[in-house]
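In what follows, a single structure is set out as C-alpha cells and then discussed.
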Amino acid sequence: MTVSRRDFLGTAVVGSLSLGLLDPKGYGRVSKTNEAGSSGKLPIMISAHNGLAYLDDAYAFLASGGDTLDAALRVVKGPEDDPNDTSVGLGGLPNEEGVVELDACCMHGPTRRAGSVGGVRNIKNVSLVSKAVMNHTGHVMLVGEGAERFAVAVGFPRENLLTDHSRKIWLLWKEYHSTQDWWGPGLADPHWQAPDAKPQSELWQERFRRLEEHAADFGIAPELRQEAVHKVLFPPTGTIHCSALNTKGEVSGCTTTSGLAYKLPGRVGDSPVIGAGCYTDQDVGSAGATGSGEENIKVAGAHTIVENMRRGMSPQEAGMDTLKRIVRNYNNDMNKLRFVDMTYYVLRKDGAYAGVSLWESYEPGKPHTIAVHDGTKRSEKTVALLPGASVDFPATPRVPAEVMKEFK
Ligand code: ASP
0 MTVSRRDFLG TAVVGSLSLG LLDPKGYGRV SKTNEAGSSG KLPIMISAHN GLAYLDDAYA
60 FLASGGDTLD AALRVVKGPE DDPNDTSVGL GGLPNEEGVV ELDACCMHGP TRRAGSVGGV
120 RNIKNVSLVS KAVMNHTGHV MLVGEGAERF AVAVGFPREN LLTDHSRKIW LLWKEYHSTQ
180 DWWGPGLADP HWQAPDAKPQ SELWQERFRR LEEHAADFGI APELRQEAVH KVLFPPTGTI
240 HCSALNTKGE VSGCTTTSGL AYKLPGRVGD SPVIGAGCYT DQDVGSAGAT GSGEENIKVA
300 GAHTIVENMR RGMSPQEAGM DTLKRIVRNY NNDMNKLRFV DMTYYVLRKD GAYAGVSLWE
360 SYEPGKPHTI AVHDGTKRSE KTVALLPGAS VDFPATPRVP AEVMKEFK
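In this text, residue positions in the sequence shown follow numbering that gives the first Met the number 0: the first is 0, and each later residue adds one.
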C-alpha cells in the first residue's frame, strides 16, 4: 500500500543525516550517469521526469530549426493537457477551496525576454499564456483574474480544470480533516466517535479504513482508491520545467505547475517567479526547479544557479551550492529539512547539464530523475546532496508502526 512507503518512524532518514552533510569540499555523491553532465551533443533538452514522454516530438522540432522556447513549451504542454497528471494544468489538484490555480513562466534567451502568470484559474495551458504575456504586453507578470482575462482576450479557451477524479480526491481530503472542521460526518452520524475515545493505533486504523470507504462512496474506482488516499495523507508536489539549447547556442526555459495541493487560495509558488522557478541567460545557460516552492523563492534558486555558472562553476556545482543555501537557511536542522524537497535542472550554454536534488528520493526507493534528450532520450538519476528520502509536508502525525504494517 502506498501509505506504508513512507517511513514515519523516521529512523532511515534521521540515521543517514550524519553522512557527509555539507562537506565543504564535496558536493554530494555523484551518480555515474550524470557525473560528466555533458554529452557534448547539441541540440539538447532537459526536463523534469514527467516531460519524458514528450521529449521526442519536441526534440525533433528543435533539431529541425524550431525555436528553443517553443521546443521547451511543447514538452511542458504535454502534462498540462494530461488530465491524469495531477500536478500540472488540467486535472491539477486544487487549492483548499477546490479550485485549480496554475502558475507558469518562460524565458527566451535569444531575445532576452520573459513572461509569467500566477494564480490563474480556468485556463489550461498557462505556459503558453506566459509566452503570450511576453509577446503581447509590455509587462512580465500577470496574476489572478487579470491574467485569466488577458488569456481569454488573446484566444485561450476558458475550461473547467477540476477533473472529476481530482475533485473526488479533494473531497476525500476535506473528509480527512473533518475532525477539525465542519466537513464530513457530524455528531448525528451513527458512526461518529469522539476522537479521544480510543487508543491512537485504533484511531489510525479506523481513519485509513474510513478514507477508503469514503473513496468508494465518492465513486473512486477500486484501483485508484489507494492512490487517492495517498494523495490525501501526503499532499503531492509536482511541476514541470524544461530547458532547451540548439546548435546555435540559443537557450530558453519554462516551468508550469498547479502548485501545492490544497494550498491557500491566492498562494503563488516559485514556478512563475523569474529567477526562482526558472531563469535563463543567453550568455550562460538555463535552470529550473521543482519542489518546495517557498524554500526555492528564498534562495532565488534558478538565478543563483545561473550566476554560479557565470562565475565558473559546473552545472552540478552550481546546483549543489544552491541546495546548500537551502540547508543553511535551516541551520542544517534535519528535523525540518527532511520536509523540504527540491530538484534543480541545470543546462549550460555549452551543453553541459546536471540534475541535482536535495534528497536522493522523493519517497523510499523512488529516486529523483531528470529527463534528457540530446539525440538519445533517457532518464537519469539526479545527483543528491543528502542520502535518503524526503517526507511530505504538511507533516502527517506519526502513524503507529503496527498500523502502517497492517494498512496494505
Ligand atoms: N514548486 C512548486 C510550487 O511550490 C511545486 C512543485 O514543484 O511540486 O508551487
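The C-beta atom is built at its ideal place from N, Cα and C for all residues, glycine as well.
Residues bridged to residue i (per DSSP)
i	result
residue 366	360
residue 43	244
residue 372	44 and 376
residue 239	255
residue 347	284
residue 354	344
residue 382	355
residue 388	360
Distance, residue j Cα to residue i Cα
i	j	result
residue 1	residue 145	In this prediction, residue 1 has a pLDDT of 30, which is less than 50 and means its spatial position is unreliable; nothing more can be read from the coordinates.
residue 389	residue 53	27 Å
residue 114	residue 233	32 Å
residue 315	residue 215	46 Å
residue 274	residue 296	8 Å
residue 249	residue 283	10 Å
residue 171	residue 280	43 Å
residue 312	residue 208	51 Å
residue 310	residue 276	21 Å
residue 203	residue 228	13 Å
residue 325	residue 189	49 Å
residue 387	residue 237	19 Å
residue 305	residue 286	7 Å
residue 142	residue 102	9 Å
residue 350	residue 212	51 Å
residue 112	residue 341	26 Å
residue 367	residue 288	12 Å
residue 337	residue 63	43 Å
residue 261	residue 255	17 Å
residue 210	residue 119	30 Å
residue 391	residue 231	11 Å
residue 379	residue 322	19 Å
residue 41	residue 65	13 Å
residue 375	residue 300	28 Å
residue 358	residue 61	32 Å
residue 353	residue 383	11 Å
residue 247	residue 348	10 Å
residue 50	residue 77	7 Å
Counting only runs of 4+ residues fully inside the region 248 to 312, write out the alpha helix (DSSP H) ranges in chain order.
292 to 297 and 300 to 309
Mind the definition here: the region 39 to 57 touches the region 230 to 249 only if three or more C-beta pairs lie below 8 Å; say whether that holds.
yes
Any chance you could list the residues with Cβ under 7 Å from a heavy atom of ligand 1, keeping chain order?
86, 102, 236, 237, 238, 256, 258, 259, 268, 269, 270, 276, 288, 289, 290, 291, 292, 293 and 295
Entirely enclosed alpha helix (DSSP H) segments - the region 67 to 145, minimum 4 residues
67 to 80 and 125 to 135
Pairing CB atoms from the region 260 to 270 with CB atoms from the region 68 to 81, are three or more of them under 8 Å?
no
Whether or not the region 147 to 154 and the region 77 to 89 are in contact is what I'm after, with contact meaning three or more pairs of Cβ atoms, one per stretch, closer than 8 Å; do they touch?
no
Are the region 98 to 109 and the region 124 to 131 touching, with three or more C-beta to C-beta distances below 8 Å?
yes
Pairing CB atoms from the region 329 to 336 with CB atoms from the region 362 to 369, are three or more of them under 8 Å?
no
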